[in-house]
Structures are given as C-alpha cells and as structure tokens.
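Same order as they appear, the protein sequences are chains A and B. The numbering used here numbers the first residue of the first sequence as 18 and each following residue consecutively. The numbering used here numbers the first residue of the second sequence as 75 and each following residue consecutively. Structure record follows, encoded as structure tokens.
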Amino acid sequence: LAAIGSVNPVPWARAQMAFTLAFHIILVPLGVSWAFMTLIANYRGLRRNDRDALTLAQRWSKYMAVTFAVGAVTGTVLTFEFGLLWPRFMGQWGEAFGVPFGFEGLFFFTEAIFVAIYIFGWRRMRPWPHFWTGVPIVLAGIFGSISVVAANAWMNAPAGFTLDSTGNVVDVDPIQVIFNASMPWQAAHMVVAAYLVGGFLIASVYAAAMLRGRRDRYHYLGFVIPFTVAAIATPIQLGIGDGLARWVYNNQPVKFAAIELVPTTSSDVPETLLGHLNEDGTVTGGVPIPGLASWLSDPSTGTATVVQGLDAVPPDQRPTIRETNIVHLCWDIMVGLGTLLFLLAVWYALSWVFRRRMPASNWFLRAAAVAGAAAVVTLEAGWIVAEVGRQPWIVYNYMKVEEAVTANTGVWITFFAVVILYALVGTTTILVLRAMSRRFRAAEGFTDLDTPYGPSALTEASVKTEETR
Amino acid sequence: VSTAVAVVLLLAVVAYAVFGGADFGAGFWDLLAGGPERGQRPRATIEHSIGPVWEANHVWLIFIFVILWTGFPEAYASITLTLFVPLTIAALGIVLRGASFAFRKAVAKMQYRRIFGAAFAASSVLVPYCMGAIAGGIASGRVPPGGQTGDPVHSWINPTSILGGVLAVATVAYLAAVYLVWDARRLDDTDMVNYFRRRAIVAAAVVGAIGFVGIFVLRADASYLFEGLTSRALPLVILGALCGVGALVLLVRQAARGARLLAVVAVATTVLAWGVAQWPYLLPETLTYTAAAAPTGTLVALLIVVALAAAIVVPGFILLYVLDQKGLLPEEGVEHEGVVDSQARPSSKLKPGSR
Numbered sequence: 018l019a020a021i022g023s024v025n026p027v028p029w030a031r032a033q034m035a036f037t038l039a040f041h042i043i044l045v046p047l048g049v050s051w052a053f054m055t056l057i058a059n060y061r062g063l064r065r066n067d068r069d070a071l072t073l074a075q076r077w078s079k080y081m082a083v084t085f086a087v088g089a090v091t092g093t094v095l096t097f098e099f100g101l102l103w104p105r106f107m108g109q110w111g112e113a114f115g116v117p118f119g120f121e122g123l124f125f126f127t128e129a130i131f132v133a134i135y136i137f138g139w140r141r142m143r144p145w146p147h148f149w150t151g152v153p154i155v156l157a158g159i160f161g162s163i164s165v166v167a168a169n170a171w172m173n174a175p176a177g178f179t180l181d182s183t184g185n186v187v188d189v190d191p192i193q194v195i196f197n198a199s200m201p202w203q204a205a206h207m208v209v210a211a212y213l214v215g216g217f218l219i220a221s222v223y224a225a226a227m228l229r230g231r232r233d234r235y236h237y238l239g240f241v242i243p244f245t246v247a248a249i250a251t252p253i254q255l256g257i258g259d260g261l262a263r264w265v266y267n268n269q270p271v272k273f274a275a276i277e278l279v280p281t282t283s284s285d286v287p288e289t290l291l292g293h294l295n296e297d298g299t300v301t302g303g304v305p306i307p308g309l310a311s312w313l314s315d316p317s318t319g320t321a322t323v324v325q326g327l328d329a330v331p332p333d334q335r336p337t338i339r340e341t342n343i344v345h346l347c348w349d350i351m352v353g354l355g356t357l358l359f360l361l362a363v364w365y366a367l368s369w370v371f372r373r374r375m376p377a378s379n380w381f382l383r384a385a386a387v388a389g390a391a392a393v394v395t396l397e398a399g400w401i402v403a404e405v406g407r408q409p410w411i412v413y414n415y416m417k418v419e420e421a422v423t424a425n426t427g428v429w430i431t432f433f434a435v436v437i438l439y440a441l442v443g444t445t446t447i448l449v450l451r452a453m454s455r456r457f458r459a460a461e462g463f464t465d466l467d468t469p470y471g472p473s474a475l476t477e478a479s480v481k482t483e484e485t486r
Numbered sequence: 075v076s077t078a079v080a081v082v083l084l085l086a087v088v089a090y091a092v093f094g095g096a097d098f099g100a101g102f103w104d105l106l107a108g109g110p111e112r113g114q115r116p117r118a119t120i121e122h123s124i125g126p127v128w129e130a131n132h133v134w135l136i137f138i139f140v141i142l143w144t145g146f147p148e149a150y151a152s153i154t155l156t157l158f159v160p161l162t163i164a165a166l167g168i169v170l171r172g173a174s175f176a177f178r179k180a181v182a183k184m185q186y187r188r189i190f191g192a193a194f195a196a197s198s199v200l201v202p203y204c205m206g207a208i209a210g211g212i213a214s215g216r217v218p219p220g221g222q223t224g225d226p227v228h229s230w231i232n233p234t235s236i237l238g239g240v241l242a243v244a245t246v247a248y249l250a251a252v253y254l255v256w257d258a259r260r261l262d263d264t265d266m267v268n269y270f271r272r273r274a275i276v277a278a279a280v281v282g283a284i285g286f287v288g289i290f291v292l293r294a295d296a297s298y299l300f301e302g303l304t305s306r307a308l309p310l311v312i313l314g315a316l317c318g319v320g321a322l323v324l325l326v327r328q329a330a331r332g333a334r335l336l337a338v339v340a341v342a343t344t345v346l347a348w349g350v351a352q353w354p355y356l357l358p359e360t361l362t363y364t365a366a367a368a369p370t371g372t373l374v375a376l377l378i379v380v381a382l383a384a385a386i387v388v389p390g391f392i393l394l395y396v397l398d399q400k401g402l403l404p405e406e407g408v409e410h411e412g413v414v415d416s417q418a419r420p421s422s423k424l425k426p427g428s429r
C-alpha cells in the first residue's frame, strides 16, 4: 500500500492547485460583479416602480445565493490547500504572503454578512434600506479580490521583507508586501475581468433565452444590464492588459519571452500567432507578424526594441518547452477572444449610438450567447499565462515550486477525490440553477408569496418616488 | 505583540466553535430527524435557524487559517504536513456540506432535497469530528515543529484525537439543540421546543459523560495538556462545568431564558481552557507561540486587521443577528416551500389560511 501511495507529489500538487483554482475562478466574477448588476436592476425597480426589474433583481439574488455558497466553499478549500499542498512555501513565506489574506478575510466576512442580509431581506425589510445592504457586497467584492490578487502579485514581484543569512524572513513591511510592484496592474486586470466575464456570462443566458423566443421585457432587461456592464469593461480591459504586458516585459522578461515565444534575445522580434517552440529552440508554424512584438513592448523605440529571449537564463530558471508552449497558446487565446469580445462590444455600442437600441439581428444574439463561454475561456487562458509563465518559481527568483511542495506522497489520491467532488458540485450547480429558472418561469412573474417587499411596501416605495419628483 | 496575536487566534477558535459549531450541530440533528414526513418540521426549524447565518459563521475558519499561516507560519506548515489526511477530509466535507445546503434550499423536488439533505447532514458530522481529531493531535504533542512531517496516521488516530473528535460532535450537537430550542420558541412552535429540549438534555448528558472519560484519556495520553487543565486552566474548567450543569438544570426545568447563554459560556470556556492548558505552546512542548511568531511588522498588520474587523465586521454581524432574530430575514426561496408543503403534507391544501 505504501508503494501505491508513494508517487512524486509535485505534478499532482500542481494539478490539484490548478484544477481547484480553475474551478473557483469561474465563480469569482459572479461573486464580484453580479451584486452590482443586481443592484442596478433593484435601483431601477424602485425608482421607476418597474416590476420586471424588481423581479429580475430578486431572482438574480437567489441565483447568487447558490453561486456565492459554492464560491465560498471552493475558496475555503484553497485556504486548506495552501498548507496541504505547499507547506514549505507557507512555512517560509507565510509571514509576508499571508498579509494580504488578512485583509481579504476582512472583506470576505463583510461580503458574507451582507450577502445574507440582502438575499434574505427581500420580503420583510423596507425597500431602500434593503437596497443599501447590497452596496457593501459590491465594495467588499472589489476590495476582497484586490487583496487576493495582491498576494498573487507578490509571488510575481516579491517585496517588503528582509532575509537573514540562512534565508529566513526576519523583517516584514506589510505596506510593501501588499502594494508590491505587480499589484496595481494585476488587481485592476482581475477586477475589470470580473465585471467583463460576469457581464458576458449572465447576458449570454438571456441572449439564448431571447433566441428561443422569450422576447419579453424581463428577458430584455436581463440581457441589457449585464451586457452593458461587460461592454463598458471590455475596452478598459484591453488598455489594462496592454499595460500589464508591458510591466511583464520590464520586470519578468522570462515570462514575457514565453508569452511572445522568443527563444533568443534580439530586436525586431515578430509577434507569432500560434506556432510552436521545439526542443532544439526553433519556432515552427504559426503566423509571424514582423517586428510587432518589439514594437508593442515599447512603441517609443519601435521595432528596434530588444526583447530578452528564454536563453538569457539557465534552463532551470525558465519554463520548460512544454510550459512555454502552453503559455504562448493561452496568450493567443486570451488576446484573440478578448479582441472578438471587444468587437462585439463595439457592435453593441454603435447600435445604441446610431439607432438608440440594441442590435436587432439574431446573429448578434447568437454571438452574445457564445460570448459568455468565450469570456470564461479568456479568463482561464489569462490566468494560465500568469501562473505557468512564472514557472519554475513559486516566489519569483526566491523559491521554486518543487521546494515548496508537501512531503505527503498521497497527493494523487486527493487529486482524484477533488476532481470527482468538484465535477459533481459543478454539474449540480448548473442543474440547480436551470431548475430554479424553470420554476421561476412556471410561476410567471410574481406569486403572492414571491412579491418582494410585499405589496404594501412596494406601493409605499412608489408613493415615495412620486413625492421625490 | 505575539501574545496579542496568539490571544486573537484562540478567540477566533472560540468564535468558530460557538457560531460555526452550532451550524454543524444543526446538521447533526438534521441527520437524525428521520424520514421526510417525520423529519419535516425539525428540518424546517433547522433550515430557518441557520439559513441566513451559516456562510458568515463559516468565515471564522478562514480567519483562523489566515492568522495561523501569517502569524505563526512554522506551526501552520507543521500542522498541514502532519495532519494531511483529516484536514483533506475536512476540506472536502466543507465543500459537500456548504454546496448541499445551498442546493437543498434551491431545489423543489423532495427526492433531490433528500439527497442533498443527506450529504449536508453527513458532512456536518464528519467535519467537526475531523476538527476535533486535529485538535487532539495538536494538543497531545503529536505534531513535530520545524516544518517536519509527523506520523501521518497516529497523529490523528490516537486516544486524544478520538476523544477530541467525539467530544466535538457531541458538543456542537448540544449547542445546536440549545439554540434550536430558542429558535423554536421564537416561532411559537411548542412541539419543536420540546423536541429540541429533550435532545439538548440528552446531548448535555453525553457531553458530560465524554468529558468524564476524557479526564482519564488525557491523563494517560496528553500529559502536558492534562497538567495544564488541572492547574492554570482549572478555574476555566470548573466554570465551564458549572455553566454546563446550570444550562442542564434550566433545560430540565423548562426555564424561559438563560440556558442558551450558559451553554455558550460552557463551550467557550472549555475551548479557552484548552488554549490556556497548552500555553505557551502552539505545538505542546516543542514549539512556543513566541518561537513560531512572524516578524513584528506582520503581527502589527494582523492586529490592524483585527481592529478593522472590530470596526466593520462586528457591527455587520450584530446587524445580521438582530435582523435574523427579529424575523426580518425569512427564507430566501419561497416558491419551493409551497411545493414541498403540498408534497409532504397533502392535507395542507385543505386548510387554506393555515400558513
């Protein structure tokens, strides 16, 4: 039995961490941005006495209850895994790496409290106070994700600590840990991604419903609110992504070389679309656009910009060939899909500017229905670029992944257990959300019991609205 | 500074035991509530009681982990290396429990509600057992310091761990039953008041019996802890026992108030007693909290987090509990209730207005 259990834990620990994070990151955009969109619908419902908007807000909050719960428990697993999979990393660096998580815990607490109040408060609380209990969810979601990303950014740009001669952390400056060099770019990139992906994902469900002929006002609102949020976030994200890439060029040249598939240092580096790095260090396949990678890295020096190649560092300090190919492919996927999503947002914006309505074409709805899944793929690809591109380091230039891993050789067993459990939870989440949606449809709008705030409260709100006019 | 952070860690463990523990205990009674017909009313009371608060209560665990790995990284590394198996089971159990509870609320069909209910209830017993076993492994000095791996099996399958696990399950069940008496009284449901009152009394007796056996187990298996419990932690042990007995008397005499507070104090002082008994060690007799502590900058940052939590989270928590206790946070899903009612009690249709 001991022989069966004794399997090198490194690949399994990496696989388990990657799998659980890949799962959790899908729920993050919903946790961060859905409350904001729900509040838009809630506000509209109260201000304009719009029953469709109010129904939408209430139902969204019920879906949120499910996705927030799954996000909360899968997030908790990650806090276990830091220790279970990477105990030497935590033992060595916990005093620095852990600081942002202290603040994250604070925001998560706040979020959990107000999610509970908001979701459970529909029937009995007064409308406007109830609306305001939703606002802390939005703020806590933003600051919470900034805190988590600050920890990840610290792994890319470790700062704020002093080591003694044996390599132990003897002094920590929490401010420098949190506000490390990579943090502003990565945090902005993730928060905007949460709004982008959350918006496209939710809108895609309503786009699919509209294609099936449910063209009532309720579905229209369910599409327009999240899609507008996503359409605003997309161009912002392109700008932030460009800035972050340039930060990586300046500060993590090895990661940048993997991203752009640059085996040797040179100027006039082409931007290779797709393509493949071979064992002998040559690049085959793909479509090279001459000089573009150099030009994008620093437009002021144009194609003369020198891009450091993978061979600038010894092989044990850079991603393997396979990892490099993964990073580059994911980079192409992220940029490619991101551009398509941007074009979709432009289509939507132009229609509003010139026709004062959303595009009427079924092709637009089809594209929007696919955009949800595409946005999730874009998010996953971007995250893989960030994580695999950092290999072999867990703390950039300080600690390697294999030095951080647990000594427990049974990780492969927990890997399979986690995959099976998560597959069940993931499938069930989708089935439950669908079943809820069917039940809501069967109820056709409000039932007596379902009325938010109760009939009297709603009238009260509308009376107040009248008064304020 | 490290003392302050160690105290915060201990208080966070107390909070998790008192708030989160009761949620687990409610799952224990859910498990024992019987078939769908017989168990429908106790389950409804349980769902009503823990529905709005479980996620917030659950964050205490994350808080404990964060303080441990940031404030005392060496201890965290040693614990996670050695107690790999029970921690993994607890993590998976938490996923199963949280997801199932949310799913059960969201689905209408009794068949699915039963599956999710079973997963929720079973994991509600599994997780506190693992937590208690982990506490037992730490308290009996089975986790070596210095980020080394201790015995992967005997660190959590040993007399103190078994005692810890069983005691944890019984304690959370006891705590939950006492809370549920109070919740049922608030709902004016006399049947359920008596239902949970009987169970609280039985659970109290069981906790007392386990505690009595525990004296001998700890004397044989965890000498440092036993010595601490019988010396510097003795006042807390006595206070906890007195409160437990007091709560039992109040429950038996059907007193209107006081039992809940006494039960909370009893559990809180017992957890505190554990901490005081193994003071100043995080890992008894090998790693003190001062030796494991992070640099001052980190500890100050943690204390700032705690101060902010007192300013932001505590008022939020009070608001949540006040709204919940005032009945302003009824169940989130309303439609399914009607569906379930009509399936479980077909006769309810005959009595319009009974709701």
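C-beta: ideal position from N, C-alpha, C; glycine also. Just so we're clear, the structure is a prediction, and the values are computed from it rather than from any experiment.
| Item | Value |
| --- | --- |
| The alpha helix (DSSP H) enclosing D259(A), as first and last residue numbers | R234 to N268 |
| Below-8 Å beta-carbon distance, P104(A) vs any chain B residue | yes |
| C-beta neighbour in chain B for M107(A), strict 8 Å | yes |
| Beta-ladder partner(s) of E410(A), from DSSP | It should be pointed out that residue 410(A) corresponds to Trp in this sequence rather than to Glu. BP columns for W410(A) point to K417(A). |
| Coarse secondary structure for S76(B), derived from DSSP in three states | helix |
| Residue-level contact to chain B via CB, F125(A), 8 Å cutoff | yes |
| Cβ-Cβ distance between A362(A) and T179(A) below 8 Å | no |
| L241(B) to T423(A) span [Cα, whole Å] | 30 Å |
| Range covered by the alpha helix (DSSP H) that runs through Y248(B) | P233 to R260 |
| Chain B contact residues for D188(A), given Cβ-Cβ distances below 7 Å | P369 and G371 |
| Beta-bridge partners of E288(A), as assigned by DSSP | I306(A) |
| Inter-stretch contact (C-beta, 8 Å, three-pair minimum) for the stretch 281-300 of chain A and the stretch 309-321 of chain A | yes |
| Nearest residue (CA-CA) to L56(A), options I136(A), T127(A) and F160(A) | I136(A) |
| Simplified DSSP assignment, three categories, for V208(A) | helix |
| Spatial distance of R143(A) from V435(A) (CA atoms) | 43 Å |
| Buried versus exposed call for H430(B) [16 or more other C-beta atoms within 10 Å across all chains shown] | Residue coverage of chain B in this structure runs from 75 to 429, which leaves residue 430(B) outside it and unanswerable. |
| Neighbouring residues, chain A, relative to F137(B) (Cβ below 8 Å) | G122 and F126 |
| Inter-residue Cα distance where the pair is D349(A) and G220(B) | 44 Å |
| 6 Å CB neighbourhood of V281(B) in its chain, flanking five on each side removed | A244, T245 and Y248 |
| N- and C-terminal bounds of the alpha helix (DSSP H) containing T281(A) | Where T281(A) is concerned, there is no enclosing alpha helix (DSSP H), given that its DSSP letter is neither H nor E. |
| Selected residue, minimal CA-CA separation from A195(B), among F391(B), W348(B) and A107(B) | A107(B) |
| Contact belief for V159(B) with P226(B) at Cβ below 8 Å, rounded distance in angstroms | 6 Å |
| Inter-residue CB distance, I275(B) and V326(B) (contact presumed, cutoff 8 Å) | 6 Å |
| Contacting positions in the stretch 160-182 of chain B - beta carbon closer than 8 Å to chain A | L161, T162, A164, A165, L166, I168, V169, L170, R171, G172, A173, F175, A176, F177, K179, A180, V181 and A182 |
| With 16 other Cβ atoms within 10 Å as the buried cut-off, status of Q222(B) | exposed |
| Beta bridge counterpart(s) of H293(A) as assigned by DSSP | T301(A) |
| The stretch 64-71 of chain A / the stretch 157-167 of chain A touching (three or more Cβ pairs under 8 Å) | no |
| Minimum C-alpha distance to H58(A) - residue among P28(A), V189(A), G239(A) and E340(A) | Per the sequence shown, the amino acid found at residue 58(A) is Ala instead of His. Selected option, being the one with the closest Cα: G239(A). |
| Continuous alpha helix (DSSP H) stretch holding A90(A): start and end | Ala is not the amino acid found at residue 90(A); the sequence shown has Val there. Start and end: R68 to L102. |
| Cut-off 8 Å between Cβ atoms - residues of its own chain near G88(A), not counting five sequence neighbours on either side | H41, L44, V45, L47 and G48 |
| 8 Å Cβ cutoff, E406(B) in contact with chain A | With a pLDDT of only 45 at E406(B), under 50, the local geometry of the prediction cannot be trusted, and the value read off the model is given with reservation. Yes - at least one Cβ of chain A is within 8 Å of the one on E406(B). |
| C-alpha distance - W134(B) paired with L360(A), whole-angstrom precision | 44 Å |
| Interface flag, N169(A) vs chain B, CB-CB below 8 Å | no |
| Distance between beta carbons of A388(A) and L346(A), contact taken as under 8 Å | The Cβ separation is near 21 Å, so there is no contact. |
| Integer-rounded CB distance, given that M375(A) should sit under 8 Å from V241(A) | 6 Å |
| For G43(B), the nearest candidate out of W348(B), A366(B) and A384(B) (CA to CA) | Residue 43(B) cannot be examined here, being either before or after the span of chain B that is shown, 75 to 429. |
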